[in-house]
Structure formats: structure tokens, C-alpha cells
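Trainee: Line by line, the protein sequences give chains Y and D.
To get the numbering used here, take the position in the first sequence, counting from 1, and add 712.
To get the numbering used here, take the position in the second sequence, counting from 1, and add 712.
For glycine and all other residues, C-beta sits at the position ideal for the given N, C-alpha and C.
If you're wondering where the values come from, they're calculated on a predicted model, not measured in any experiment.
The structure is given below, and queries will be raised subsequently.
Number of protein chains: 2
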Amino acid sequence: MNESVGIVEPKKLTLQGKLDLECGQSLTDIEIVYETYGNLNQDSSNAILICHALSGNHHAAGVYEGEKRPGWWDSLIGPGKAIDTNKFYVVCPNNIGGCHGSLGPSSINKETGDYFGPDFPIITVKDWVRSQSLLSDSLGIEKWHAVVGGSLGGMQALEWSRLFPDKIKKAGIIAAAPKLSAQNIAFNEVARQAILNDPDFAAGRYLDTGQSPKQGLKLARMVGHITYLSEEAMKSKFGRDLKEEKLNFVYDAEFEIESYLRYQGDVFSENFDANTYLLMTKLLDYFDPAVDHQGDLARAFETIEAQLLVVSFTTDWRFAPERSREIVNALIAAKKRVSYLEIDSPHGHDSFLFADEDYTKGLSSFLEN
Amino acid sequence: MNESVGIVEPKKLTLQGKLDLECGQSLTDIEIVYETYGNLNQDSSNAILICHALSGNHHAAGVYEGEKRPGWWDSLIGPGKAIDTNKFYVVCPNNIGGCHGSLGPSSINKETGDYFGPDFPIITVKDWVRSQSLLSDSLGIEKWHAVVGGSLGGMQALEWSRLFPDKIKKAGIIAAAPKLSAQNIAFNEVARQAILNDPDFAAGRYLDTGQSPKQGLKLARMVGHITYLSEEAMKSKFGRDLKEEKLNFVYDAEFEIESYLRYQGDVFSENFDANTYLLMTKLLDYFDPAVDHQGDLARAFETIEAQLLVVSFTTDWRFAPERSREIVNALIAAKKRVSYLEIDSPHGHDSFLFADEDYTKGLSSFLEN
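Below, the structure written as C-alpha cells:
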């Protein structure tokens, strides 16, 4: 019980067919990197699709040979865990536009022979879901037992239930919102400006110069990171703790929280691609299923047939519980089968990554019953 | 009633004596720019000191000859207004370290003949209050009828009541906190990193190059600006309104909120000094009256003799009402005379700039009775 899935290896395939994007462009020969955990049963009825969030990737569980750090949702995916790999066949792809092996801004554009860079088309959540539907076809999965994700991942799960009602049985929509607020967009815009204004960004062609916009990406991550943590979590973890015994009256980091944010920003800027970050913030901004229905979310949900679970966390101020309740209320108005869990957790938006007992029990019972 | 103080002109004087700073350095020949409104009465008992906040200055009320935009607190200061210039003599200085005429990083360091720039010592709220006490001496004001300020200005008013109990009759502490939280410091650190990482910052010596770090300062202001507005205010003012009729799938501003923040950031970066901005964020971070009393705020308040008014605003999430209540509760524990007003206002932290009726009535009755 509650073990890891162990050593895992990413897989790769090329999607069949052309993907017409919302922006008007299209993509072909789409390479997708993904991981799977557990075994697909004979009638292919036990497959769960995991959708990653802003800075996520396909490495959701287990560890790579020779490495120690497990996948980003290892707390929830594994034998006996909330998403039980003894029962389910779990698939997690790196979405297109990503920077961990799937087709994205760092890939070669076969038409030009150069990196896509800033020419990579801007993707939407709809585009992602359609690409994941092509992936389902490649994997021979006609109907997902469930599509589950947190944050931007939850938005994909919601969109799956709207766009492909006959290909999804259950949707787990965790720590999400039906659309970004002005404040959410504002924080994304600060992150984008930090990257766009970094001279090393070089109008997005930094792979040609070999000098990537690390300072801009670091800043973008720092501001994002603040919105992922609750004020309470920051207070209990760092408070006003000083790095040294006394103040030094300098612009170097004096408080622990400053060092922490700088360090996290540095690590992130070494491991993520700036064009992908820009792309994913836009993807969040654009998400708004009600926009084609005069803002009426219940009408946007009319096509849904899946059973849905919506989960929110008390200290999440990025996508607060009231944002999840907007989804729930619209689903109820549209007469859909929805359960709602509001979990008392101190970790802010990041709570969806922690295996709180109420949360994991609620999720596993939703998936298994 | 409720008119403007009309045309005003800034004044200038040089403080007598030496100011020993908390950082260990000292300053002499301190030039201070300030404005006054109303008339000082015969026994100099009707003087009110206004303390400005992070990006504020001495131009609190009235207009300059030939200009239209009034001072930053014109809504509250004037004949018949909350701070009634028919009754009070109102003084507002630009604090040291500022960039509007008082001694600061853009001033010439007489010892070197060059700009201070990054060599300007880091100032604290205590230093500011002590410099304002020297200003009182120069103006012949032995005891302020009141010291009033919002945000960082409120912290100065609080510190005045602690440090100079016999020189202050009343203190108005508006939209303040007894110290910054980890999250508050984190946002300041993002702002600082934006400035420090701008190549045009040139280690703070940008006045020599003639190329100021506008992009960094713009970013710093954008992230600050988000924390000044309530999520509700942003929602009602901008929501998800688009700049054009439809999405263009580009990295240019697509939503009104993006344009607004960019524009505000641009204007600010043309009119403010980066070294001053750095300095003022540190000043906020360092403020913590309880730090010399083992974190016991009530003990830090023991010296206070003034009558105090604490005001908070319901939608302020930068310094939320509970932060003001920390001050109030400690004042009560220390058996001080304190009144507390929690004002229902939609404007977030910026509420202290708006002449809400409950707020202005509460403030004027506190000052006049």
C-alpha cells in the first residue's frame, strides 16, 4: 500500500492527423512525450488521463533511473494511492507547447529548419484537449474512465467533459476556476513582461544566441510562486525570519523568504523554457468556456455527460473556493451529476499537490465507485 | 465647503544638526522639501503632520500653478474636508531618501561631489520620524496636534506616538500593519529584483549613464499596483474586457487590465527614481516596532501617550483589517486610548485615498473633538 510506482521511463509517439488550432494555424507530425503507470485492462476501460498545470510535464509519478526526485503528483498516483495504479492505467502527457519533449517552441519547425521559438502558435485549452483526444486514439483508448487535473489541469478536465462527452466517464476538476479574474490575468501579465523585457529574451530567438532570459523567467516564477502559497503557509514557514542574526541594511536577501524565492526562481529558470512559460500563461488567460454562450456557464455545460468531482482548498487565493463553486453552481443549474469537496488545507493553491487525507479519500472514492 | 486649498508651492529648508541613522551612518545638511496648507495659530497648537507612503511625496493637496492634477490626498485635505485647513495648519514633507527634492539618492553627496545613487544609506521608519522631529524644530512646532498617514504613512504616525510621546497629541494610523508579513516582503522582493536585474540599473549608478532602469521600475510598479487594488475593484473596472473585439493570439496586451497596468507602470517609471523605490521597499520590510521587545507589541506601545485612531478597509488585502486589529488589540492591552474604524470600501489598499463618507467623518471627528 502507498508505495511508489518505482522506476519509470517516458515514451514518445507522433500523433496521426492534423490539429487545427483556435488561433487559425494548424500543426502536423505532433510528437508527444508521455508516461504511463499501471496496466490497461482488456476492455481498455480503466484508463485515467492526468492533465498537468502551468509548469508541469509528463513526469507525474515514480522516479527516473538514477534520480531521487519523484514525479510532481507522486503523492497521489501509485499502488494504493488516491489514483490507484493497482486498479487504473494512468497516462500523463507533456502538452504541446511544452518544453519537456513534446512539440513546442524549442522544437525544430520542419518548414524552416529553425527552432519555432516565438513563431510557435499560441495554444488554447481546447487545442490541448483536442491533442489529447488524438493521443487517446493513438493509445487505443475509446473512453477515459476519468480525466483528472489540478489548476490549469482541472480546466482541461472540465473542457474534456464539454468537448468529448462520449469519450469521458468522469472528470476530476481540482483547484480550478471557470475563467481567470482580472487579478489572475494581471499577475500573468507581470510574469510575461518580466520575460519579454529581459534583453536576453531576444524577441524569443534566444536559442540562437545561447543566452536564455533566465532573469526574466526567474522573476516570472517568483511572482507566480507567491500566488501558489497561502499567506498562512508563508507565515508559518518563513515569517520574518532573518538569514543572519541581524539586519545588514543592504539589498542582498535579509529575510529567509527572499532567499527562498530567489532560489526557487533560479532553479526554475534553469529548467524551464521562457517561450513555453509565455504560452502557458496565455493559455490560462484565454480559458473561458462560457464566452461562446454569452457568459452563461450553465449553457456552456449543457453537452456534459460525465460524472464530475470539483475540489477546492480553503487557503487557495489564486483560485479560491468561490471560483470552484461557480463551476459547481453552473453544473447544478445545468442538471449535471457533480460532487463538491472543499478541503481544509494550509498550502494555498499548491494544496492540490499534497496528499491530505480528506482530499485523497474523496478523490479515490470518486474514481472507484 | 469642500473646496481645494488652491494653488500651492513647495518650500525648502535645511534641517539643523546631524541625523544618526539606524544603519550606523549619519546625514547632515539635510534638505527637506515640504508643503503647508492652512495657517498656524498663535500658540502653534493646530499643526498636523501628514506622512506619505511608498511612492508618495510632499504634494498632498492643492495644485501647482498651471497644472490640473491635485496632490495625492486632496480628497481629504482642504477647507471643510476631513483634514480641515480652515482649522488646521497642515505640513507634508517629502521624506529623506525621496526623489522629489528632499535629500535622497539623486542628490549630490558633498563628500564625493557625485550623486549618492546606491551609496545613499538605507533609511528606516525610525529615521524618518527622527528627521520629521528635526523638521518640527525648524518650523517651531513643539507638539503636533496630530500625525496622520496611510499605509507606510500610518507606520510613521504609529512610530511618532512611540518615539516622541510628548510631541504628539493624536495619531491617525490608516491602512497600516504592525509589520510586513512574509507575503508582503515577498512582493517587495520581486519589485526589487525587477529593478536590480534591469541592465540599465547599472549597479545603481544610472544617473551617470543617462539611461535609467525604466523597465525594471515599471515591472516593480505593476506588481505593487496589483496589491493596491482589490480583486473586486479590478473585476468591476476591467473584468475580462478585451482591448479589441476579439482575441488576436499575440503577446501584445489583449485584455484591458494588461494595458492599464502597462500604462500605469510606464507613467510611474518616468516619474520616480529606482534607488528611492528600492529604499522605500526596504523601509517597509524593516518596520517592526515589536522587534526590540521580544515580539511583544503591547510592550512596544508602553511609551505612547497620544490618542490614536486606527482605520482599515474591508477589501484591503495588502494590509487587511486583521493587521490593523493587531495594532488595536496591542494598544488596548497596553491600556492606550484607541478608536478603531473598519470601513466598507471597494478600493482595496488604495481606499485610504478615497473620501468615503464614513471614513472622512470618522477622521474629522477624531481630529476635531
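Enumerate in chain order the residues of its own chain whose CB-to-CB distance from Ala945(Y) is below 6 angstroms, with the five nearest sequence positions on each side excluded.
Mentor: Cβ neighbours of Ala945(Y) beyond the five flanking positions: Pro1058, His1059 and Gly1060.
Trainee: Who are the neighbours of Cys811(Y) on chain D, taking C-beta pairs under 9 angstroms?
Mentor: What Cys811(Y) touches in chain D: nothing, since even the nearest Cβ is about 17 angstroms away.
Trainee: Restricting to Cα atoms, I'd like to know which of Val1022(D), Lys1047(D) and Asp755(D) is closest to Val859(D).
Mentor: Checked all of Val1022(D), Lys1047(D) and Asp755(D); the closest Cα to Val859(D) is Val1022(D).
Trainee: Can you find a C-beta in chain D that's less than 8 angstroms from the C-beta of Val837(Y)?
Mentor: So no, Val837(Y) is outside the interface.
Trainee: Give the residues of chain Y in contact with Pro911(D), contact being defined as C-beta atoms less than 8 angstroms apart.
Mentor: Neighbours of Pro911(D) on chain Y, chain order: Pro911.
Trainee: Just confirm the distance between the C-beta atoms of Leu919(D) and Ser818(D), as a whole number of angstroms; I'd bet it's less than 8 angstroms.
Mentor: Their Cβ separation, rounded to whole angstroms, is 6 angstroms, which keeps Leu919(D) and Ser818(D) in contact under 8 angstroms.
Trainee: To the nearest whole angstrom, what separates the beta carbons of Ser893(D) and Glu943(Y), a pair I think is in contact under 8 angstroms?
Mentor: With a Cβ gap of about 6 angstroms, Ser893(D) and Glu943(Y) count as contacting.
Trainee: Mind checking which residues open and close the beta strand (DSSP E) that includes Gln1019(Y)?
Mentor: Gln1019 to Phe1025 is the extent of the beta strand (DSSP E) around Gln1019(Y).
Trainee: Terminal residues of the continuous beta strand (DSSP E) containing Tyr746(Y)?
Mentor: Element bounds for Tyr746(Y): Glu743 to Tyr749.
Trainee: Buried or exposed for Asp796(Y), please, with buried defined as at least 16 other CB atoms from any protein chain shown within 10 angstroms of its CB.
Mentor: By the 10 Å Cβ count, Asp796(Y) comes out buried.
Trainee: Can you confirm whether Tyr989(D), when its beta carbon is compared against all beta carbons of chain Y, has any partner nearer than 8 angstroms?
Mentor: Tyr989(D) does not count as touching chain Y.
Trainee: Anything in the segment 1033 to 1061 of chain Y with a Cβ closer than 7 angstroms to a Cβ of chain D? List those residues in chain order, please.
Mentor: Correct list: empty, as no residue qualifies.
Trainee: Determine the direct distance from the alpha carbon of Lys838(D) to that of Trp856(D), and round the result to whole angstroms.
Mentor: Between Trp856(D) and Lys838(D), the C-alpha separation is close to 17 angstroms.
Trainee: Between which two residues does the beta strand (DSSP E) carrying Val860(D) extend?
Mentor: Trp856 to Gly862 is the span of the beta strand (DSSP E), which, as asked, contains Val860(D).
Trainee: Which two residues bound the contiguous alpha helix (DSSP H) that contains Ile931(D)?
Mentor: As written in the sequence, residue 931(D) is Leu, which differs from the Ile given in the question. Looking at the DSSP string, the run of the alpha helix (DSSP H) that includes Leu931(D) is Lys926 to Tyr940.
Trainee: Quick check: is any heavy atom of the ligand NAD less than 7 angstroms from the C-beta of Asp1004(D)?
Mentor: Inclusion of the ligand NAD in the displayed structure is not the case, the ligand content being empty and no account of it being possible.
Trainee: First and last residue of the alpha helix (DSSP H) that includes Tyr1071(D)?
Mentor: Note, Tyr1071(D): alpha helix (DSSP H), Glu1069 to Glu1080.
Trainee: Taking C-beta pairs closer than 8 angstroms, name the residues in chain D that Asp1000(Y) reaches, listed in chain order.
Mentor: Under the 8 angstroms cutoff, chain D gives Arg952.
Trainee: Restricting to runs no shorter than 4 residues, where is the alpha helix (DSSP H) found entirely within the segment 973 to 1015 of chain D?
Mentor: Listed in chain order, the complete alpha helix (DSSP H) runs (minimum 4 residues) inside the segment 973 to 1015 of chain D are 986 to 998 and 1009 to 1012.
Trainee: Would Leu870(D) count as contacting chain Y if we go by Cβ distances under 8 angstroms?
Mentor: Answer no: the Cβ-Cβ gap between Leu870(D) and chain Y never drops below 8 angstroms.
Trainee: Let me see if you follow: with CB-CB separation under 8 angstroms, is Met713(Y) close to chain D or not?
Mentor: Note that Met713(Y) scores 45 on pLDDT, short of 50, meaning its location in the model is unreliable and no value can be drawn from it.
Trainee: How big is the Cα-Cα spacing for Ser948(D) and Glu715(Y)?
Mentor: Spanning the two alpha carbons is a distance of roughly 48 angstroms.
Trainee: I'd like to know if the segment 1037 to 1045 of chain Y and the segment 885 to 902 of chain Y are in contact, where contact means that at least 3 CB-CB pairs between them fall below 8 angstroms.
Mentor: Cβ pair count under 8 angstroms is three or more, so yes.
Trainee: Is Ala887(Y) close to chain D, meaning its C-beta is less than 8 angstroms from at least one C-beta of that chain?
Mentor: Taking Cβ atoms only, chain D never reaches closer than 8 angstroms to Ala887(Y), which makes this a no.
Trainee: According to DSSP, which residues form a beta bridge with Asp796(D)?
Mentor: Gly790(D), per the DSSP bridge assignment.
Trainee: With which residues is Gly951(D) paired in a DSSP beta bridge?
Mentor: Note: Gly951(D) sits in no beta bridge, so no partner.
Trainee: From Tyr940(Y), Ala869(Y) and Ala986(Y), pick the residue whose C-alpha is nearest to that of Phe1066(Y); which is it?
Mentor: Residue Tyr940(Y) is the option with its Cα nearest to Phe1066(Y).
Trainee: What's the call for Lys738(Y), buried or exposed, on a 16-neighbour Cβ count within 10 Å?
Mentor: In the sequence on display, residue 738(Y) carries Ser and not Lys. Exposed is the call here.
Trainee: Please list the terminal residues of the continuous alpha helix (DSSP H) segment that includes Tyr918(D).
Mentor: Note, Tyr918(D): alpha helix (DSSP H), Tyr918 to Thr921.
Trainee: Which one of Gln868(D), Ala1002(D) and Ile1016(D) has the shortest CA to CA distance from Asn806(D)?
Mentor: Nearest option by C-alpha distance: Gln868(D).
Trainee: Can you pull out the residues from the segment 926 to 937 of chain D whose beta carbon lies closer than 9 angstroms to at least one beta carbon of chain Y?
Mentor: Taking 9 angstroms as the Cβ-Cβ cut-off against chain Y, the residues of the segment 926 to 937 of chain D that qualify are Gln927, Gly928, Lys930, Leu931, Met934, Val935 and His937.
Trainee: Less than 6 angstroms between C-beta atoms, sequence neighbours within five positions excluded: which residues of the same chain meet that for Phe832(Y)?
Mentor: Hits under 6 angstroms: Pro817.
Trainee: Check each candidate in Ile885(D), Phe967(D) and Arg781(D) and name the one with the smallest Cα separation from Ser873(D).
Mentor: Here the closest residue by C-alpha is Ile885(D).
Trainee: Roughly how many whole angstroms lie between the Cα atoms of Phe950(D) and Tyr998(Y)?
Mentor: Going from the Cα of Phe950(D) to the Cα of Tyr998(Y) covers about 15 angstroms.
Trainee: Would you identify the three-state DSSP class for Pro805(D), choosing helix, strand or coil?
Mentor: Pro805(D) falls in the strand class under three-state DSSP.
Trainee: If I measure Cβ to Cβ from Tyr1052(D) and keep anything under 6 angstroms in the same chain, skipping five residues before and after, which residues do I get?
Mentor: Here the set comprises Val1022 and Val1040.
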